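Chemist: With the first letter of the sequence shown counted as 1, position 200 gets the number 208 in the numbering used here; the numbers rise by one all the way through. Sending over a structure as structure tokens; questions will come in a sec.
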Amino acid sequence: MKVTLKRIGLIFLICYILITCYTGYQFVQKLLKSELGNQQKILDKLTEVDEDWNPWGEEFEGADPNEDILKFDEGDEEDEVKSNGKTVEIWSKSALGIYLWEHILNASLVTRYRGIEKFGTTKINGITYRMRLGLGMFQSRKDLDATHLILVLNGSDAKKIRVSTVILNSLKLFNRLERVGVILLGNEKCENEWFEPFLKRNGGPIDVAWIVYDSELVDDKTVFQFPLGVSMHNYFKTSFKSTLDIRRPFTCNLVGTDEDDIYNLLSSKKECFVQPKIAERYESNSITRSAYIRALRTSDLTLCPAEKNLETFRIYEALSYGSIPILNIKPKEEKSKCNGSLRLLKRYNFPAIFVKDWNKDVERILHKEKFLSSQDIVIRRINAFEWYLSFKRKIMQEFLGIIENTFFSH
Numbered sequence: 009m010k011v012t013l014k015r016i017g018l019i020f021l022i023c024y025i026l027i028t029c030y031t032g033y034q035f036v037q038k039l040l041k042s043e044l045g046n047q048q049k050i051l052d053k054l055t056e057v058d059e060d061w062n063p064w065g066e067e068f069e070g071a072d073p074n075e076d077i078l079k080f081d082e083g084d085e086e087d088e089v090k091s092n093g094k095t096v097e098i099w100s101k102s103a104l105g106i107y108l109w110e111h112i113l114n115a116s117l118v119t120r121y122r123g124i125e126k127f128g129t130t131k132i133n134g135i136t137y138r139m140r141l142g143l144g145m146f147q148s149r150k151d152l153d154a155t156h157l158i159l160v161l162n163g164s165d166a167k168k169i170r171v172s173t174v175i176l177n178s179l180k181l182f183n184r185l186e187r188v189g190v191i192l193l194g195n196e197k198c199e200n201e202w203f204e205p206f207l208k209r210n211g212g213p214i215d216v217a218w219i220v221y222d223s224e225l226v227d228d229k230t231v232f233q234f235p236l237g238v239s240m241h242n243y244f245k246t247s248f249k250s251t252l253d254i255r256r257p258f259t260c261n262l263v264g265t266d267e268d269d270i271y272n273l274l275s276s277k278k279e280c281f282v283q284p285k286i287a288e289r290y291e292s293n294s295i296t297r298s299a300y301i302r303a304l305r306t307s308d309l310t311l312c313p314a315e316k317n318l319e320t321f322r323i324y325e326a327l328s329y330g331s332i333p334i335l336n337i338k339p340k341e342e343k344s345k346c347n348g349s350l351r352l353l354k355r356y357n358f359p360a361i362f363v364k365d366w367n368k369d370v371e372r373i374l375h376k377e378k379f380l381s382s383q384d385i386v387i388r389r390i391n392a393f394e395w396y397l398s399f400k401r402k403i404m405q406e407f408l409g410i411i412e413n414t415f416f417s418h
């Protein structure tokens with residue numbers, strides 16, 4: 009009888025322990041699910057891809073920078089692509105991700121989930137890279153199983169910083185994360201203090217980072233500089249080398265600027281293609297965009313007025329057409345925390361013309377251009393174009409090398 013009572017008591021104890029453990033497990037899962045749900049609500053409310061990433065603020069709002077290059081895919085077959093060995097997930101909440109994927113890594117994207125997300129996959133040096141761009145991230149528990157992750161984020165203003173902070177704080181929800189990298193579109197004045205606590209050297213989760221603009225955080229050890237790149241991605245993907253030897257009707261171009269002095273100077277010059285900035289959104293979009301592309305294609309010098317930072321989209325866009333950027337090394341005084349200017353471009357000796365005074369120096373440059381032979385101009389044009397192609401290859405090699413050493417060297 010005593011043996012029977014002991015067995016019953018033991019069985020009751022075991023059942024009690026099992027029920028307690030199961031209840032505790034369910035409670036923990038509920039908490040995790042609740043936390044994930046709360047984070048997702050914040051992300052859904054705040055995050056959206058910066059498709060209107062452009063050189064002049066709202067000039068091109070509403071235009072689709074990827075039209076005619078993306079295929080629609082209702083299914084999710086791409087998500088089931090199996091990769092053996094090393095895999096790096098790249099998730100982008102910034103259009104900078106398109107520049108990385110399509111222009112630097114030379115990979116392609118397809119649209120799926122009725123346009124909510126863009127997806128692509130490529131394999132380089134034995135590593136599979138999977139790009140997801142849009143609102144589709146953090147949508148399932150499967151997303152939290154990533155082991156090697158690169159986030160492309162926007163930190164250019166207070167609203168974007170808030171979004172990026174929420175995303176970075178969500179990293180603690182990942183189950184198997186081993187290495188994390190971030191490519192950050194930084195503030196034009198290099199005011200990126202909010203980002204510092206997230207770096208591993210400061211106790212944060214980020215193993216390696218790339219920042220656009222000349223941030224003082226860059227040490228070329230764990231934080232590197234990344235190019236700003238082009239804005240309207242669809243218009244700067246194609247190789248134009250075959251058209252570089254065709255005579256261009258204009259010597260220089262200036263499109264979409266608030267600089268009245270430069271506009272007044274060049275508006276009377278027949279050798280320059282000039283179009284002022286259009287203030288009203290309904291008057292711009294395709295008209296201004298087309299004018300800008302035409303200006304680059306039909307002239308050999310591109311004036312690149314700076315606002316808060318010397319590095320602008322126009323530099324890269326001009327070089328992609330073989331047009332030499334003209335930069336004012338003494339722009340308007342702006343307080344900033346930038347360490348130097350154009351460091352990355354200067355490191356690779358980018359072709360450019362620097363001036364100190366728009367009015368005086370541009371006149372001198374235009375006069376000098378009249379004495380250049382057609383052959384000299386074509387050679388300069390081709391050299392600028394080939395420099396840009398070489399620059400992108402070097403950035404790709406450097407980027408991939410850093411990933412291999414940081415993510416997979418252990």
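The beta carbon of each residue, even a glycine, is placed where N, CA and C say it ideally should be. None of these values were measured; they are calculated from a predicted model.
Where are the alpha helix (DSSP H) runs, 4 residues long or more, that stay fully inside the stretch 143 to 225, in chain order?
Modeler: Taking only runs of at least 4 residues, the alpha helix (DSSP H) segments lying wholly in the stretch 143 to 225 are 166 to 177.
Chemist: Applying the criterion that 16 or more other CB atoms from any shown protein chain within 10 Å of the CB defines a buried residue, is P257 buried or exposed?
Modeler: Classification of P257: exposed, given that the 10 Å Cβ count is below 16.
Chemist: Secondary structure at I77, three-state DSSP: helix, strand or coil?
Modeler: Reliability fails at I77, whose pLDDT of 25 lies under 50, so the model's placement of it is uncertain and the value that follows must be treated cautiously. In the structure shown, I77 sits in coil (DSSP, three-state: anything other than H, G, I, E or B).
Chemist: Could you pull the start and end residues of the beta strand (DSSP E) that T310 belongs to?
Modeler: Run containing T310: S307 to L311, per the beta strand (DSSP E) assignment.
Chemist: Classify I332: buried if its beta carbon has 16 or more other beta carbons within 10 angstroms, exposed otherwise.
Modeler: Buried, since its Cβ has 16 or more Cβ neighbours within 10 Å.
Chemist: Round the Cβ separation of S188 and L157 to the nearest angstrom and send it over; I've been treating them as touching at under 8 Å.
Modeler: Going by the sequence as given, residue 188 is Val instead of Ser. That pair is a contact at about 5 Å.
Chemist: May I ask you to list the residues that DSSP assigns as paired with Q383?
Modeler: Q383 pairs with nothing; no bridge assigned.
Chemist: Suppose the cutoff is 8 Å on Cβ atoms and the five residues either side in sequence are ignored; what does the same chain contact list for E199 look like?
Modeler: Answer for E199: S344 and K345, listed in chain order.
Chemist: Could you tell me the alpha carbon to alpha carbon distance between N336 and N183, rounded to whole angstroms?
Modeler: Approximately 49 Å, taken between the alpha carbons.
Chemist: In this structure, does DSSP put V370 in helix, strand or coil?
Modeler: Helix.
Chemist: Is it buried or exposed, Q233, if we count other Cβ atoms within 10 angstroms and call 16 or more buried?
Modeler: It counts as buried.
Chemist: Could you check what DSSP says for I135 in three-state terms: helix, strand or coil?
Modeler: If DSSP states are grouped into helix, strand and coil, I135 belongs with the strands.
Chemist: Could you spell out where the alpha helix (DSSP H) holding N272 opens and where it closes?
Modeler: Element bounds for N272: D268 to L274.
Chemist: When DSSP labels each residue in this structure, what does N357 get in the three-state scheme?
Modeler: The answer is coil: DSSP assigns N357 none of H, G, I, E or B.
Chemist: Which of the three DSSP states is assigned to E377 in this structure?
Modeler: DSSP places E377 in helix when its eight states are reduced to three.
Chemist: Between which two residues does the beta strand (DSSP E) holding R122 run?
Modeler: Taken as a continuous stretch (DSSP letters only), R122 belongs to no beta strand (DSSP E), as it is neither H nor E.
Chemist: Using only CA atoms, which one of K316, I410 and L309 lies nearest to H375?
Modeler: The shortest Cα separation from H375 among K316, I410 and L309 belongs to L309.
Chemist: With burial defined as no fewer than 16 other Cβ atoms inside 10 Å of the residue's Cβ, what is the status of E110: buried or exposed?
Modeler: Buried, by the Cβ-count rule.
Chemist: According to DSSP, V231 sits in a beta bridge with which residue or residues?
Modeler: DSSP output for V231 lists A217 as bridge partner(s).
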